[in-house]
Amino acid sequence: MITFPQNFLWGAATSSYQVEGGNANSDWWHWEKKAGKENSAAACRHYELYEQDFDLAQSLSHNAHRLSIEWSRIEPEEGKFSQEELVHYIKVIDALRQRGLEPLVTLHHFTNPLWFVQKGGWQNRRSVEYFLRFSHYIVEALAEKVRYWITINEPLVYSYHAYILGVWPPQEKSLFKALQVEENFLSAHVKAYRLIHEIYRKANLSQPAVSIAQNVQAFVPCRPILKDKFAAFLRDRWYNFRFIKRLAKQQALDYIGLNYYSRQVAEVKNWGLDHLIMDTCSSNHHPVKRNSLGWDIYPQGLYELLLKFRKFNLPVIITENGICTDDDSLRWEYIAEHLKSIHAAMEKGALVSGYIYWSLMDNFEWDKGFTPHFGLIGIDYHTYERKIRPSAQKFASVCRTGTL
Ligand code: FCB
Numbered sequence: 000m001i002t003f004p005q006n007f008l009w010g011a012a013t014s015s016y017q018v019e020g021g022n023a024n025s026d027w028w029h030w031e032k033k034a035g036k037e038n039s040a041a042a043c044r045h046y047e048l049y050e051q052d053f054d055l056a057q058s059l060s061h062n063a064h065r066l067s068i069e070w071s072r073i074e075p076e077e078g079k080f081s082q083e084e085l086v087h088y089i090k091v092i093d094a095l096r097q098r099g100l101e102p103l104v105t106l107h108h109f110t111n112p113l114w115f116v117q118k119g120g121w122q123n124r125r126s127v128e129y130f131l132r133f134s135h136y137i138v139e140a141l142a143e144k145v146r147y148w149i150t151i152n153e154p155l156v157y158s159y160h161a162y163i164l165g166v167w168p169p170q171e172k173s174l175f176k177a178l179q180v181e182e183n184f185l186s187a188h189v190k191a192y193r194l195i196h197e198i199y200r201k202a203n204l205s206q207p208a209v210s211i212a213q214n215v216q217a218f219v220p221c222r223p224i225l226k227d228k229f230a231a232f233l234r235d236r237w238y239n240f241r242f243i244k245r246l247a248k249q250q251a252l253d254y255i256g257l258n259y260y261s262r263q264v265a266e267v268k269n270w271g272l273d274h275l276i277m278d279t280c281s282s283n284h285h286p287v288k289r290n291s292l293g294w295d296i297y298p299q300g301l302y303e304l305l306l307k308f309r310k311f312n313l314p315v316i317i318t319e320n321g322i323c324t325d326d327d328s329l330r331w332e333y334i335a336e337h338l339k340s341i342h343a344a345m346e347k348g349a350l351v352s353g354y355i356y357w358s359l360m361d362n363f364e365w366d367k368g369f370t371p372h373f374g375l376i377g378i379d380y381h382t383y384e385r386k387i388r389p390s391a392q393k394f395a396s397v398c399r400t401g402t403l
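The sequence shown finishes on residue 403 if you use numbering that gives the first Met the number 0, and the numbering steps up by one all the way, no holes.
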């Protein structure tokens, strides 16, 4: 049996666009139609059903919940802020608190207001200023009710899909543009970090905890030869550590939010841009079980990464970890194995203080639509009925007892 600390954060995550439905002022809403993709439409109708969903999270013994605020609802037109939508999110946060769920609030989770992308999106240097204005509006209103903030979800996943692979809006394929976007994300985070702290100081509130959610992957050499080891080493540095290192250097992190799902097998011959992060090796040298999107399941990678992150000497929260599968017993195996990895890393000094599963419920998985099922809770998309899966019950027992 393994035991986690008493005040450990246990919960699950969602993001506004993936669950709320009807986000008609967002860039993604327009893109999914233009690109002929599956439409997010009503998604899980979480915008109306959030209380019911939080009842379920509470019944599953969660003590935390990660969610995001939809910028395009708050600021549907440039500079015009919707008081009504702000009130909605205040109610959402209150609903969490009433159920004993600590909110972890993300300010940017992949989607943007349409007006913002019409002005060049994250490529535009002024994106930083726009994001700060929105952040100011939200944080000032929620500061008394929220302690944990995530400014930007997975900046590198966003820039990679939207500006290198060109599979997400605005479908660019340019390393130069991707790097511009990254610089703007970096500056947006650092400035938002300072702004959030200043808001709390001025209001005499105790210190907030601010981070980004950094996606990390285990890069494993394809063959045990020096060249492949080097290929894995470079990707590890470039993808997992570079951005966080720069934020840490600027003292703009109170903790580190890590999203971990899978590994990539790195091979020296694949140096094209498309291979920088994903699909580095197509030959199946070291077969492991996979999720329904074909991502390798590799809990050991999380252990190894957590050991490497010790050097920052900051608390770590696993802000996402999860599996899409129609085999719910595999979901439980995935959760249990990753929890064991986390615990083993903690025994070696990793400062992990929470585990947030992705996702509370099945939802709209971006360009992949509704087919991947990541949820602890299943959704019937005809009736919007929720169904708790057995894996959710098993995870609930860990949340309740702190033991596995
Ligand atoms: C992460 C995203 C999240 C979800 C999971 C499966 O990269 O942050 O929104 O799509 O992957």
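From the three backbone atoms N, C-alpha and C, an ideal C-beta is built for every residue, glycine too.
Compare the C-beta of PRO112 with all C-beta atoms of chain C and state if any pair is closer than 7 Å. You won't find chain C in this structure, because it holds only one protein chain.
Throw me the rounded Cβ distance for the PHE109 and TYR129 pair, which I believe falls under 8 Å. Not confirmed; about 16 Å, so no contact.
First and last residue of the beta strand (DSSP E) that includes GLN206? Careful: GLN206 lies outside any beta strand (DSSP E) and carries neither H nor E.
GLU143 versus ARG330: straight-line alpha-carbon distance, rounded: When rounded, the separation of the alpha-carbon atoms in GLU143 and ARG330 is 36 Å.
Would you say the beta carbon of VAL397 is closer than 6 Å to some non-hydrogen atom of the ligand FCB? no
If THR13 sits next to SER358, beta carbons under 8 Å apart, how far is it from one beta carbon to the other, in whole angstroms? 6 Å
Close beta carbons around ASN214, own chain, < 6 Å, minus the five adjacent residues each side: For ASN214, where only same-chain residues beyond five positions count, the Cβ hits under 6 Å are GLU153, VAL156, ASN258.
Use the C-beta contact count for LEU141: other C-beta atoms within 10 angstroms, 16 or more gives buried, fewer gives exposed. buried
Quick one: what's got a C-beta closer than 7 Å to SER340's C-beta in the same chain, skipping five residues either side? PRO298, GLN299, LEU301, TYR302
Apart from the five residues just before and just after ILE438, which ones in its own chain have a Cβ nearer than 6 Å to its Cβ? Given a span of 0 to 403 for the chain in the structure shown, any question on residue 438 remains unanswerable.
Since GLY353 contacts LEU8 with CB under 8 Å, what's their CB separation in whole angstroms? Correct: roughly 3 Å between the Cβ atoms.
Span separating the alpha-carbon of TRP121 from that of GLU182: 9 Å
Just to confirm the assignment: which complete beta strand (DSSP E) runs, minimum length 3, are found wholly within the segment 281–345? 315–319
State the CB to CB distance for the pair THR150 and ALA217, rounded to an integer number of angstroms; the pair is presumed to be in contact (CB under 8 Å). Wrong, their Cβ atoms sit about 25 Å apart, outside the cutoff.
Near GLU37, what residues of its chain come up, given a Cβ to Cβ distance below 6 Å and the 5 sequence neighbours on each side ignored? GLY368
Would ASN312 be called buried (16 or more neighbouring beta carbons within 10 Å of its own) or exposed? exposed
VAL351 in three-state terms, based on DSSP: strand
Exposed or buried, GLY20, counting other C-beta atoms within 10 Å across all chains shown (16 or more means buried)? buried
At the level of alpha carbons, what is the spacing between ARG222 and ARG234? 15 Å
Who pairs with PRO112 in a beta bridge, going by DSSP? In the DSSP output, where bridge partners are listed per residue, PRO112 has SER25.
Quick check on DSSP: helix, strand or coil for ALA231? ALA231 sits in a helix when the DSSP states are folded into three classes.
Does the count of Cβ pairs from the segment 337–351 and the segment 384–392 closer than 8 Å reach three? no
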